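Engineer: Please see the structure below; I have some questions.
Protein chains: 2
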Amino acid sequence: MCTPYHNASCANCQDRFGSILFKAEKCNLEEIESAKVCTTYKKGQIVFQEGAYPFGIYCVNSGKIKLSHCGDDGREQIVRLAKPGDIIGYKALLSAERYTASAIALDDSSVCFIPKDLFMSILQKDASLSLEMMRILASELRKAELKITHLAQKPVRERLAETLLFIKETYGVEQDGSTLNVRLSREEIANLVGTATESAIRLLSEFKKDGLIELQGKKIRLLNPEELTRTANLQD
Amino acid sequence: MCTPYHNASCANCQDRFGSILFKAEKCNLEEIESAKVCTTYKKGQIVFQEGAYPFGIYCVNSGKIKLSHCGDDGREQIVRLAKPGDIIGYKALLSAERYTASAIALDDSSVCFIPKDLFMSILQKDASLSLEMMRILASELRKAELKITHLAQKPVRERLAETLLFIKETYGVEQDGSTLNVRLSREEIANLVGTATESAIRLLSEFKKDGLIELQGKKIRLLNPEELTRTANLQD
DNA sequence: CCCTCACTTTGATACCCATCATTGCCACCT
DNA sequence: AGGTGGCAATGATGGGTATCAAAGTGAGGG
Chain A
1 MCTPYHNASC ANCQDRFGSI LFKAEKCNLE EIESAKVCTT YKKGQIVFQE GAYPFGIYCV
61 NSGKIKLSHC GDDGREQIVR LAKPGDIIGY KALLSAERYT ASAIALDDSS VCFIPKDLFM
121 SILQKDASLS LEMMRILASE LRKAELKITH LAQKPVRERL AETLLFIKET YGVEQDGSTL
181 NVRLSREEIA NLVGTATESA IRLLSEFKKD GLIELQGKKI RLLNPEELTR TANLQD
Chain B
1 MCTPYHNASC ANCQDRFGSI LFKAEKCNLE EIESAKVCTT YKKGQIVFQE GAYPFGIYCV
61 NSGKIKLSHC GDDGREQIVR LAKPGDIIGY KALLSAERYT ASAIALDDSS VCFIPKDLFM
121 SILQKDASLS LEMMRILASE LRKAELKITH LAQKPVRERL AETLLFIKET YGVEQDGSTL
181 NVRLSREEIA NLVGTATESA IRLLSEFKKD GLIELQGKKI RLLNPEELTR TANLQD
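If you read the protein sequences in the order shown, they are chains A and B.
Position one of the first sequence corresponds to residue 1 (the UniProt record's numbering), numbered consecutively onward.
Position one of the second sequence corresponds to residue 1 (the UniProt record's numbering), numbered consecutively onward.
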């Protein structure tokens, strides 16, 4: 949404067209620009933490952010992957509660912060922005409910295949056209799928043996997306 | 939100205070009143169906409605339980897609219908209403993500205990103060928990043996909610 | 009244998958 | 080089659950 420099213009941001904030009326966008603060985070750094009170929302300018719950037994559950143009932290802000998930950088990232009061006041006077906000919320909710259904009904193998395709959808691929454009640990993949790390490893090996993917370290190449889709056994 | 009679006033609706629509400005609420259509549904009847295009939103006046996905293998997954005052069908409307879930009456119910164009236009001019709408969406999203984490990390036994408490939260209890105020089949309970019907039955029997609950037909009495909470192993 | 049908219950079985443990691999550091 | 720590891979095992099958229960209807 904004460049890493405080006085930069949102209008010059690399991913501005994908961002919700660009739906705001021009004068409001300018107001946001003048108030936002941009920060860079190194890989692994925390943007905000579960349990804390929100003071505003964040908009990803560059990099990759994971949003994850900490389950009751301490295991991580990744609930969302954010890319440039996405906003994060809005759920807690809108429901006026504490964060229910932590946001952690998967890569070196740059993230803009927009103070709570400003955002909420603009939300009240900018119908276009708030409609877009609702659209995002509804869409996230749809995805979440689909994930619930799949977690309840599908075996790990299918969910892993689906997750690989989801990662591709989200972060895309490298120049070769097939290598996933993000480095996730096996544990993170497992926490995205909702399974044990060892199961994720085992099934990735199986996929490799079946010629579906290629593995070298954390790089994952999707050799056969069509067959992977079939493995995921998706209806829609 | 409204009584079963077309010309009834939302202001007289039994659950109006719990309803989002009551957050709308007075003039807008009146506009809604004059346009809404109230329909009654017998137990088991469909309010709207997965895959159909939305023509408006619904507000539950009386009764109980379940919202459920149909999984890829045909098994049902219940994603929400709606009670009087709740609105349903907003997700599809806001994201401008087809319904991803069906709404089915669990009891004889009365539901108001508000046409799409009217609702969307009021949403655009009524900041208070749209803010409340966002609050609801954010809250639903929070619940969905918690459910994802629990599905991924908790055994069926804990999830069943949690579900029983959730049902109590949602629909309350009868005059005796402990019997759940809704009749769900074992299959529906299983589809809410995300497990097989037989597993749900078996664990309900265990709960009964352990003195946590009492069963007679579809009536379920929670004898020991505290112990049930402990069984659910909830952190928060 | 008994029949029927749907739902519930219980039992037996198999298997998916989590867990524990071990080994291997690689990068990094001293 | 050798040590160290983190992560990945593989194996062995047990348990939680799904599935299949069959019997029991209950309500409604002819």
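We put the CB at the ideal spot given by N, CA and C, even for glycine.
Given the structure is predicted, the values throughout are model-derived calculations rather than measurements.
Using a Cβ cut-off of 8 angstroms (strictly closer), state whether A/E145 contacts chain B.
Structural biologist: For the purposes of this step, residue 145 of chain A is taken as the residue at position 145 of the first sequence. Judged by the 8 angstroms Cβ criterion, A/E145 is in contact with chain B.
Engineer: The beta strand (DSSP E) with A/Q216 in it runs from where to where?
Structural biologist: The residue given as residue 216 of chain A occupies position 216 in the first sequence. Where A/Q216 is concerned, the enclosing beta strand (DSSP E) stretches over 213-216.
Engineer: Run through chain A and tell me which residues come within less than 7 angstroms of B/G73, C-beta to C-beta.
Structural biologist: Looking up residue 73 of chain B in the second sequence gives position 73. Just to set this straight, residue 73 of chain B is Asp in the shown sequence, not Gly. Those are Q153, listed as they occur along chain A.
Engineer: Please work out which residues of its chain come closer than 6 angstroms, Cβ to Cβ, to A/P4, disregarding the five sequence neighbours upstream and downstream, and give them in chain order.
Structural biologist: Numbered from 1 along the first sequence, position 4 holds the residue referred to as residue 4 of chain A. Only weak support is given to the placement of A/P4: the predicted model assigns it a pLDDT of 38, under 50, and the value that follows is read from those uncertain coordinates. Contacts found: C38, T40, S110.
Engineer: Does the beta-carbon of A/S68 have 16 or more other beta-carbons within 10 angstroms, so that it is buried, or is it exposed?
Structural biologist: Here residue 68 of chain A refers to the residue found at position 68 when the first sequence is read from its first residue. Classification for A/S68: buried.
Engineer: Quick check: the Cα distance between A/I32 and A/K43, rounded to an integer number of angstroms?
Structural biologist: The sequence position of residue 32 of chain A within the first sequence is 32, counting from 1. The sequence position of residue 43 of chain A within the first sequence is 43, counting from 1. The alpha-carbon atoms of A/I32 and A/K43 are separated by roughly 26 angstroms.
Engineer: So A/K147 is in the alpha helix (DSSP H); what residue range does that whole segment cover?
Structural biologist: One-based indexing of the first sequence puts residue 147 of chain A at position 147. That run of the alpha helix (DSSP H) goes 127-153.
Engineer: Could you give the distance in angstroms between the alpha-carbon of B/E226 and the alpha-carbon of B/E174?
Structural biologist: Position 226 of the second sequence holds residue 226 of chain B. Position 174 of the second sequence holds residue 174 of chain B. Distance between the alpha carbons of B/E226 and B/E174: 18 angstroms.
Engineer: Return yes when the Cβ of A/V47 is within less than 8 angstroms of the Cβ of A/A103, no when it is not.
Structural biologist: Mapped onto the first sequence, residue 103 of chain A falls at position 103. Mapped onto the first sequence, residue 47 of chain A falls at position 47. Taking 8 angstroms as the Cβ cut-off, A/A103 and A/V47 qualify as a contacting pair.
Engineer: Shortest alpha-carbon distance to A/F55 belongs to which of A/Y99, A/F22, A/S34, A/D72?
Structural biologist: Within the first sequence, residue 55 of chain A is the residue found at index 55, counting from 1. A/F55 has its Cα closest to that of A/Y99, out of A/Y99, A/F22, A/S34, A/D72.
Engineer: Any residues in the segment 46-75 of chain A with a beta carbon nearer than 8 angstroms to a beta carbon of chain B? Which ones, in chain order?
Structural biologist: H69, G71, D72, D73, R75
Engineer: Run through the UniProt domain "Cyclic nucleotide-binding" (20-140) of chain B for me and flag every whole alpha helix (DSSP H) of 4 or more residues, listed as ranges in chain order.
Structural biologist: Every alpha helix (DSSP H) stretch that sits fully inside the UniProt domain "Cyclic nucleotide-binding" (20-140) of chain B and reaches 4 residues is listed by chain position as 26-35, 90-94, 116-125.
Engineer: Can you tell me whether A/V182 is helix, strand or coil according to DSSP?
Structural biologist: Working through the first sequence from its first residue, we reach residue 182 of chain A at position 182. It is coil, neither helix nor strand.
Engineer: Work out the CA separation of A/I167 and A/L160 for me, nearest whole Å.
Structural biologist: Within the first sequence, the letter at position 160 stands for residue 160 of chain A. Within the first sequence, the letter at position 167 stands for residue 167 of chain A. Roughly 10 angstroms between the two C-alpha positions.
Engineer: Going straight from the alpha carbon of B/A190 to that of B/S199, what length do you get?
Structural biologist: The residue given as residue 190 of chain B occupies position 190 in the second sequence. The residue given as residue 199 of chain B occupies position 199 in the second sequence. Those two C-alpha atoms are separated by around 8 angstroms.
Engineer: Distance, Cα to Cα, A/K116 vs A/I57?
Structural biologist: Locating residue 116 of chain A in the first sequence gives position 116, where the first residue counts as 1. Locating residue 57 of chain A in the first sequence gives position 57, where the first residue counts as 1. When rounded, the distance between both Cα atoms is 7 angstroms.
Engineer: Quick test of the definition: if touching needs 3 or more C-beta pairs under 8 angstroms, does the segment 130-139 of chain A touch the segment 89-96 of chain B?
Structural biologist: Yes: at least three Cβ pairs fall under 8 angstroms.
Engineer: How would you write the range of the beta strand (DSSP E) that A/L228 sits in, first residue to last?
Structural biologist: As a first step, residue 228 of chain A must be located in the first sequence, where it is residue number 228. Where A/L228 is concerned, there is no enclosing beta strand (DSSP E), although the alpha helix (DSSP H) it sits in stretches over 225-232.
Engineer: What whole-angstrom Cβ distance do B/L151 and A/I148 have, given they're in contact under 8 angstroms?
Structural biologist: In the second sequence, the residue the question calls residue 151 of chain B occupies position 151. In the first sequence, the residue the question calls residue 148 of chain A occupies position 148. That belief holds up - the Cβ atoms of B/L151 and A/I148 are roughly 6 angstroms apart, short of 8 angstroms.
Engineer: Give the single residue among B/E140, B/S178, B/L184, B/R75 whose Cα lies nearest to the Cα of B/Y90.
Structural biologist: The count along the second sequence starts at 1 and reaches residue 90 of chain B at position 90. The shortest Cα separation from B/Y90 among B/E140, B/S178, B/L184, B/R75 belongs to B/E140.
Engineer: Within this structure, are the beta carbons of A/G172 and A/D108 separated by less than 8 angstroms?
Structural biologist: Looking up residue 172 of chain A in the first sequence gives position 172. Looking up residue 108 of chain A in the first sequence gives position 108. Against a cut-off of 8 angstroms, the Cβ pair of A/D108 and A/G172 comes out as no contact.
Engineer: From what residue to what residue does the alpha helix (DSSP H) around B/A161 run?
Structural biologist: Counted from its first residue, the second sequence places residue 161 of chain B at position 161. Per DSSP, B/A161 belongs to the alpha helix (DSSP H) from 156-171.
Engineer: With H, G and I counted as helix, E and B as strand and the rest as coil, what does DSSP make of A/D176?
Structural biologist: The count along the first sequence starts at 1 and reaches residue 176 of chain A at position 176. A/D176 falls in the coil class under three-state DSSP.
Engineer: Is there a Cβ from chain A that is less than 8 angstroms from the Cβ of B/T79?
Structural biologist: For the purposes of this step, residue 79 of chain B is taken as the residue at position 79 of the second sequence. The residue you asked about is not Thr; residue 79 of chain B is Val in the sequence shown. It does; some Cβ of chain A falls within 8 angstroms.
Engineer: Please name the residue in A/D72, A/N61, A/C70 whose C-alpha comes closest to that of A/K83.
Structural biologist: Taking the first sequence and counting its residues from 1, the one referred to as residue 83 of chain A is at position 83. Of A/D72, A/N61, A/C70, the residue nearest in Cα terms is A/N61.
Engineer: Do B/I114 and B/C59 have their beta-carbon atoms positioned less than 8 angstroms apart in this structure?
Structural biologist: Taking the first residue of the second sequence as position 1, residue 59 of chain B is located at position 59. Taking the first residue of the second sequence as position 1, residue 114 of chain B is located at position 114. Taking 8 angstroms as the Cβ cut-off, B/C59 and B/I114 qualify as a contacting pair.
Engineer: Looking at chain B, which residues of the segment 186-203 of chain A have a Cβ within less than 7 angstroms of any of its Cβ atoms?
Structural biologist: G194
Engineer: Within 8 angstroms (strictly less), CB to CB, does A/E140 reach chain B?
Structural biologist: Translated into positions along the first sequence, residue 140 of chain A becomes position 140. Interface residue, yes.
Engineer: Using a beta-carbon distance cut-off of less than 9 angstroms, what residues from the segment 78-103 of chain B approach chain A?
Structural biologist: V79, R80, Y90, K91, A92, L93, L94, S95, A96, E97, T100, A101
Engineer: With 8 angstroms as the threshold, decide whether the Cβ of A/R230 is near any Cβ in chain B.
Structural biologist: Looking up residue 230 of chain A in the first sequence gives position 230. Cβ-Cβ to chain B under 8 angstroms: no for A/R230.
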